[in-house]
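Its first residue numbered 7, the sequence shown is counted upward by one per residue in our numbering.
Where a beta carbon is used, it is the ideal one built from N, C-alpha and C, also for glycine.
Since the model is a prediction, treat every value here as computed from it, not as a measurement.
Only one structure is covered here, and it is reproduced in the block below.
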Amino acid sequence: MNQYIQKHKSNLDEVVAFFKKDIASIRTGRANPAMFDGVMVESYGTKAPLQQVGNIAVVDARCLTITPWDKNTLKEIEKGIVAADLGISPVNEGDKIRVSIPQPTEEDRKNRVKKLHEKLEVAKIKVRGVRDEIKEAIEQAQKNKDIAEDDKFRFLKEMEEEVKKYNDVLQAAVDIKEKEIMTI
């Protein structure tokens, strides 16, 4: 791997890591604590992620419980879940909140797959942006006579192969998630 790809490899890794974390929050119809990643709760006068104010536990395939560290935050946790518009209804049981995950309809699943593919396209655009930076650096190096023209074409070919690997990783993650979403 040439130094131009090596220099931008961490950017490509960040795109993939962010994408995988982002699609983890798309509901599959099964209980998954990651679905609460974007939920913010008012706690002691400040907004905090739900994971910081309580423990999220999977009870079964369609049920989660949230046990707050401080029982006084139960109402705020409930409000945060409702405000996040996840399509679920929290039930306050006095010492914890129970969340039942409804069975998604065919239309819901198709909409989630559509959203998944939109996120894939955004990630691919980010990969293309990094690719363009690498290409520009290689072409600039050849203009500055730092590398020969043969090296330029070899480096560009390596870059295309590396970008294809990253796009394949993104596509594989989408295929797995799509299968999870469409499985009843």
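DSSP places Leu-176 in the helix class (H, G or I) of the three-state scheme.
In this structure, Leu-70 places its C-beta atom within 8 Å of the C-beta atom of Ala-37. For Leu-122, the secondary structure class from DSSP, reduced to helix, strand or coil, is helix.
For Ser-49, same chain residues with a beta-carbon under 7 Å away, outside a window of 5 residues either side, are Val-59, Thr-79 and Glu-82 in chain order. In the structure shown, Arg-104 falls within a strand segment according to DSSP collapsed to helix, strand and coil.
Membership of Gly-86 in any beta strand (DSSP E) is not indicated; the residue belongs instead to the alpha helix (DSSP H) covering 80-89. C-alpha of Arg-104 to C-alpha of Asn-8: approximately 52 Å in a straight line.
The shortest C-alpha to C-alpha distance from Met-41 to any of Tyr-10, Phe-25, Glu-99 and Ile-87 is the one to Ile-87.
Taking a contact as a CB-CB distance under 8 Å, the pair Leu-122 and Ile-32 counts as one, their CB atoms being some 6 Å apart.
Ranked by Cα distance from Leu-18, the options Trp-75, Asp-138, Pro-55 and Gly-35 are led by Asp-138. Taking Asn-173 as reference, the option from Val-22, Pro-74 and Ala-30 with the minimal CA-CA separation is Val-22. Lys-125 places its beta carbon less than 8 Å from that of Ile-29.
Look at Ala-129 here: in three-state DSSP terms it is helix. Residue pairing for Gly-60: DSSP places it in a beta bridge opposite Pro-74. If you look at Ala-23, you'll find it in the alpha helix (DSSP H) that goes 9-30.
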